[in-house]
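Using this note's numbering, read the sequence shown as starting at 120 and increasing by one per residue. Where a beta carbon is used, it is the ideal one built from N, C-alpha and C, also for glycine. Below is one structure, written out as C-alpha cells, with a few remarks after it.
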Amino acid sequence: MRPLAAHRRLARAEVARLLGDVERSRSDVAAALADYRAIDMPLPARRAEALLQSLCPTRTAPARARHRLH
C-alpha cells in the first residue's frame, strides 16, 4: 500500500501545482519523494524530484555589491 500512497501524494501534488497552490504541492511532492526513496523506487522518485525542482528552482547567486569609495 505504501507505493499506492506515494503515487496518490504525487498526483495530488501535480493537481495542487496546476491549481496554483505551490505550498501544498511542495508538501505533497516532498512526502511522495521521501516514500519513494524509502521503498527504493528510483523511477517515480526521479519524477518527484523533477516536479520539486520545478516548484523550487535554484536561484542564481546574487551579484556582488559594488564597493563605494568615499
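With DSSP collapsed to three states, give me the class of Leu129.
helix
Give the secondary structure of Pro122 by DSSP, where H, G and I count as helix, E and B as strand, and everything else as coil. helix
Would the beta-carbon of Arg128 fall within 8 Å of that of Leu174? no
Outcome for Ala130 when other beta-carbon atoms lying within 10 angstroms are tallied against a minimum of 16
exposed
inquiry  = Between the alpha carbons of Val148 and Ala132, how many angstroms are there, rounded?
reply    = 5 Å
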